[in-house]
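J.:
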Amino acid sequence: MAFDDDGFLDDYEIKELIDRFESQLENDRLSFFDADELNIIIDYYIQHDDFNKINVIADMAERYHSESPLYNAIMAKKYLSVQDAVAAMKYLKSDDNNFEDPDYYVNLGYAHSLLLEHEESIEAYKKALKLFNKENCDDIYSSIGIEYMMMFQYEPALKYLIKGLKGSPDIYEQYIEITNCFFFLDRSDEALEFFTKEIDNNPYSIAAWMALGNCYLRLQLLEKAMEQYEYALAIDQHYEKAYINIATILNELDRYKDSIDIIEEAFRNKVEKPLLYCLYGEAMARTGNKLEAVNNFKKAIELDENIAEAYAGMGFVFCDEEEHESAIKFLKRAHQLAPYNMDYVFVLVEQHNKLGKYKTSLKYLKEIEETTPYEINLYIAYMEVYILLDDVDKAIKSIEKGMRLLGRKAPLLYRLAFINFVQEDFELGMYNLEEALNMDCDGVQEFIDFDPNFVLNNENILNLINEYKNKNNK
Numbered sequence: 006m007a008f009d010d011d012g013f014l015d016d017y018e019i020k021e022l023i024d025r026f027e028s029q030l031e032n033d034r035l036s037f038f039d040a041d042e043l044n045i046i047i048d049y050y051i052q053h054d055d056f057n058k059i060n061v062i063a064d065m066a067e068r069y070h071s072e073s074p075l076y077n078a079i080m081a082k083k084y085l086s087v088q089d090a091v092a093a094m095k096y097l098k099s100d101d102n103n104f105e106d107p108d109y110y111v112n113l114g115y116a117h118s119l120l121l122e123h124e125e126s127i128e129a130y131k132k133a134l135k136l137f138n139k140e141n142c143d144d145i146y147s148s149i150g151i152e153y154m155m156m157f158q159y160e161p162a163l164k165y166l167i168k169g170l171k172g173s174p175d176i177y178e179q180y181i182e183i184t185n186c187f188f189f190l191d192r193s194d195e196a197l198e199f200f201t202k203e204i205d206n207n208p209y210s211i212a213a214w215m216a217l218g219n220c221y222l223r224l225q226l227l228e229k230a231m232e233q234y235e236y237a238l239a240i241d242q243h244y245e246k247a248y249i250n251i252a253t254i255l256n257e258l259d260r261y262k263d264s265i266d267i268i269e270e271a272f273r274n275k276v277e278k279p280l281l282y283c284l285y286g287e288a289m290a291r292t293g294n295k296l297e298a299v300n301n302f303k304k305a306i307e308l309d310e311n312i313a314e315a316y317a318g319m320g321f322v323f324c325d326e327e328e329h330e331s332a333i334k335f336l337k338r339a340h341q342l343a344p345y346n347m348d349y350v351f352v353l354v355e356q357h358n359k360l361g362k363y364k365t366s367l368k369y370l371k372e373i374e375e376t377t378p379y380e381i382n383l384y385i386a387y388m389e390v391y392i393l394l395d396d397v398d399k400a401i402k403s404i405e406k407g408m409r410l411l412g413r414k415a416p417l418l419y420r421l422a423f424i425n426f427v428q429e430d431f432e433l434g435m436y437n438l439e440e441a442l443n444m445d446c447d448g449v450q451e452f453i454d455f456d457p458n459f460v461l462n463n464e465n466i467l468n469l470i471n472e473y474k475n476k477n478n479k
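Numbering of the sequence shown is given in our numbering, commencing with residue 6 and proceeding in unit increments.
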């Protein structure tokens with residue numbers, strides 16, 4: 006098969022080559038392919054994640070072309086396709102490679118990347134850039150950008166990610182990385198400007214509208230974010246990510262009826278995704294339709310038996326119904342599927358507390374402490390369990406431990422003050438209460454809710470609270 010002057014085949018010739026290989030493979034009559042052809046064929050199957058055929062091609066290369074420099078390239082690609090960089094390096098380090106082939110440096114760069122050798126990866130990719138024609142470099146620019154991100158060097162990362170944008174195979178993901186760079190560099194205004202310009206250049210780019218919406222979302226401008234997602238839906242009424250993002254925001258804003266409307270619109274447009282059923286179930290539960298909520302969580306599980314949000318949603322419904330054993334059953338499954346979602350674990354602690362299973366609660370809190378020791382709610386939860394166990398000393402130690410790690414935060418001070426009052430240490434209690442009021446006066450309601458009768462019948466405490474409330478109202 007003839008190659009053009011640059012050593013490349015056009016799309017038609019590649020298809021013809023693949024068809025010939027497929028036909029021979031199907032008839033179990035594989036004949037000779039030269040090394041260049043096998044190199045092209047393996048690239049095709051790597052793009053399609055067809056590992057069986059990748060192995061067939063590697064075997065053919067070993068049988069017919071073990072003396073060719075392309076043999077090392079093909080074998081390296083075989084191992085890189087399953088992210089075995091150590092095995093790939095065996096072939097990439099061979100002196101028999103063609104060091105004038107840019108493809109060699111692309112493979113070398115990827116191998117270094119898998120080994121977390123980011124500087125070496127960048128060096129290899131930059132060597133590939135020097136050897137490639139400019140029109141073939143977009144994916145390499147993007148790869149360099151990712152390596153800089155892994156090194157937390159967001160300025161050069163942003164430069165290369167933008168440079169590689171034109172030829173990105175997944176522009177939506179590339180936009181996410183670009184957004185991350187802008188925000189890590191504290192340049193959110195430039196992010197908005199960049200994606201607005203992208204939209205001006207291509208008003209029908211769903212990815213650009215979604216990226217702009219995601220920027221507003223990160224800035225907590227939820228209404229503005231929804232506007233951008235709605236524009237994406239106007240372009241494609243079947244675009245599932247837009248429906249999911251809009252429904253998520255509406256649920257967060259407690260606009261559950263609006264959320265139900267947008268999800269039902271998605272269903273009418275044949276967009277039925279597990280996460281949409283979860284959001285639908287959440288909205289139904291919040292509007293009092295618990296049975297319909299459970300039915301939708303079950304539909305989500307039918308579509309994806311490993312969707313943690315659905316099991317958690319069912320667990321939350323049973324929490325509301327005070328059916329603690331059932332709640333625990335579903336929340337445990339959610340926790341198994343999403344072990345790093347600590348919200349599920351905190352609810353598990355609450356449910357075990359209600360059943361008087363405090364040792365199990367402490368076990369879960371220890372799990373949280375091992376993964377997220379700087380979570381303020383952890384020390385509040387510890388305190389609550391120890392109070393329920395009538396172990397006031399350990400309750401105080403839990404709050405004090407939180408303060409050592411996080412500083413004297415208002416939520417911790419309010420709880421410490423209340424314990425001081427219970428122990429009749431009024432001087433220390435007033436001191437801690439005043440410090441908390443000075444930090445966050447609005448948070449005092451939580452303090453009052455601990456024991457309203459005690460607080461409202463204590464003149465000194467009440468006067469101090471009113472003093473700070475009056476200061477804040479001026």
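Virtual Cβ for every residue (Gly too), placed ideally from N, Cα, C.
Just so you know, these numbers come straight off a predicted model, no measurement behind them.
Leaving out five residues on either side along the sequence, give the residues of the same chain with a beta carbon under 6 Å from the beta carbon of Asn458.
T.: As a first step, residue 458 must be located in the sequence shown, where it is residue number 453. No residues qualify anywhere along the chain.
J.: For Ile373 and Leu383, what's the separation of their Cα atoms in angstroms?
T.: Looking up residue 373 in the sequence shown gives position 368. Looking up residue 383 in the sequence shown gives position 378. Going by the C-alpha atoms only, they are around 7 Å apart.
J.: Assuming contact is defined by CB atoms lying nearer than 8 Å, are Leu222 and Ala230 in contact in what I supplied?
T.: Numbered from its first residue, the sequence shown carries residue 222 at position 217. Numbered from its first residue, the sequence shown carries residue 230 at position 225. Yes, these two residues count as a Cβ contact at 8 Å.
J.: Classify Ser264 as buried or exposed, calling it buried when 16 or more other Cβ atoms lie within 10 Å of its own Cβ.
T.: Against the sequence shown, residue 264 aligns to sequence position 259. Buried, since its Cβ has 16 or more Cβ neighbours within 10 Å.
J.: For Leu119, which residues in the same chain have their Cβ closer than 7 Å to its Cβ, ignoring the five residues on either side in sequence?
T.: One-based indexing of the sequence shown puts residue 119 at position 114. Closer than 7 Å at Cβ, skipping near neighbours: Gln88, Ala90.
J.: Would you mind sorting Pro416 into buried or exposed? The rule is 16 or more other CB atoms within 10 Å of its CB.
T.: Residue numbering aside, residue 416 sits at position 411 when the sequence shown is read from its first letter. Answer is buried; the Cβ neighbour count reaches 16.
J.: Identify every run of the alpha helix (DSSP H) within the segment 83-108, keeping only runs that are complete inside it and at least 4 residues long; order them along the chain.
T.: Taking only runs of at least 4 residues, the alpha helix (DSSP H) segments lying wholly in the segment 83-108 are 90-97.
J.: Any contact between the segment 334-347 and the segment 317-325? By contact I mean 3 or more CB pairs, one from each, below 8 Å.
T.: Touching, per the Cβ criterion.
J.: For Glu310, name the three-state secondary structure that DSSP assigns.
T.: As a first step, residue 310 must be located in the sequence shown, where it is residue number 305. Coil.
J.: Suppose you measure from the CA of Asp454 to the CA of Asn425; what does that come to, to the nearest Å?
T.: Your numbering for residue 454 matches position 449 in the sequence shown. Your numbering for residue 425 matches position 420 in the sequence shown. Roughly 16 Å separates the two Cα atoms.
J.: In whole angstroms, what separates the C-alpha of Pro74 from that of Lys135?
T.: The count along the sequence shown starts at 1 and reaches residue 74 at position 69. The count along the sequence shown starts at 1 and reaches residue 135 at position 130. Between Pro74 and Lys135, the C-alpha separation is close to 20 Å.
J.: The alpha helix (DSSP H) that contains Ser148, what's its start and end?
T.: Taking the sequence shown and counting its residues from 1, the one referred to as residue 148 is at position 143. Here the alpha helix (DSSP H) through Ser148 covers 143-155.
J.: Would you check if the distance between the CB atom of Ser193 and the CB atom of Tyr165 is smaller than 8 Å?
T.: Position 188 of the sequence shown holds residue 193. Position 160 of the sequence shown holds residue 165. For Ser193 and Tyr165, no; Cβs fall outside 8 Å.
J.: Alpha carbon to alpha carbon, how far is Phe38 from Ala7? Give it in angstroms, no decimals.
T.: Within the sequence shown, residue 7 is the residue found at index 2, counting from 1. Within the sequence shown, residue 38 is the residue found at index 33, counting from 1. In this prediction, Ala7 scores a pLDDT of 39, lower than 50, which makes its location untrustworthy; no coordinate-derived value is stated.
J.: So, using beta-carbon positions, are Asn437 and Leu421 closer together than 8 Å?
T.: By 1-based counting over the sequence shown, the position of residue 437 is 432. By 1-based counting over the sequence shown, the position of residue 421 is 416. Contact flag set, yes.
J.: Could you tell me if Ser36 is buried or exposed, where buried requires 16 or more neighbouring beta carbons within 10 angstroms of its beta carbon?
T.: Position 31 of the sequence shown holds residue 36. That one is exposed.
J.: Are Asp101 and Asn77 closer than 8 Å when you measure CB to CB?
T.: Along the sequence shown, read from residue 1 onward, the residue named residue 101 stands at position 96. Along the sequence shown, read from residue 1 onward, the residue named residue 77 stands at position 72. For Asp101 and Asn77, yes; Cβs fall inside 8 Å.
J.: Could you check the C-alpha separation between Phe302 and Lys368 for me, to the nearest Å?
T.: The residue you call residue 302 lines up with position 297 of the sequence shown. The residue you call residue 368 lines up with position 363 of the sequence shown. Those two C-alpha atoms are separated by around 28 Å.
J.: When the Cβ atoms of the segment 463-477 are set against those of the segment 440-453, are three or more pairs found closer than 8 Å?
T.: The segment 463-477 vs the segment 440-453: in contact.
J.: Just to confirm before moving on: does the CB-CB distance between Val354 and Ser366 stay below 8 Å?
T.: Residue 354 sits at position 349 when you count from the first residue of the sequence shown. Residue 366 sits at position 361 when you count from the first residue of the sequence shown. Yes.
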